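Peer 1: Sharing a structure with you now.
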């Protein structure tokens, strides 16, 4: 399982991850980790037809900009009938909650 929590990066044995976490806290952490979350989300969405992804479109810029709390609010309101997409929705909600440093700041 890929972790996005700043604390996990601080405790990592990977120097690059440690540096990223040390140099960024709060909203800066959200900005820093947003690229990884955005990339991982897009990789998960690639197999789906674009017509199934219309509901996800409004949250993509929010995620890539680090506005995880706002994105979670929109995602929570989505009704996803496709089982595989629903699993991605749940993964995304968990990921954004885990990564969001503004809730603790």
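Numbering (my numbering), first residue to last: 107 to 211.
Every residue, glycine too, gets a C-beta built ideally from N, C-alpha and C.
All values reported here derive from a predicted model rather than from experimental measurement.
1. In chain order, what residues of the same chain have a beta carbon less than 8 Å from the beta carbon of residue 180, not counting five sequence neighbours either side?
2. Three-state secondary structure (DSSP) at residue 188?
3. Of the choices 111, 124 and 151, whose alpha-carbon is the least far from that of residue 133?
4. What residues in its chain sit with their C-beta under 6 Å from that of residue 186, if we drop five residues either side in the sequence?
5. What's the gap between the Cα of residue 204 and the Cα of residue 148?
Peer 2: The answer reads as follows:
1. The residues are 164, 165 and 168.
2. Three-state result, residue 188: coil.
3. Nearest of 111, 124 and 151 to residue 133, Cα basis: 111.
4. Hits under 6 Å: 192 and 195.
5. Using only the alpha carbons, I get a separation of about 18 Å.
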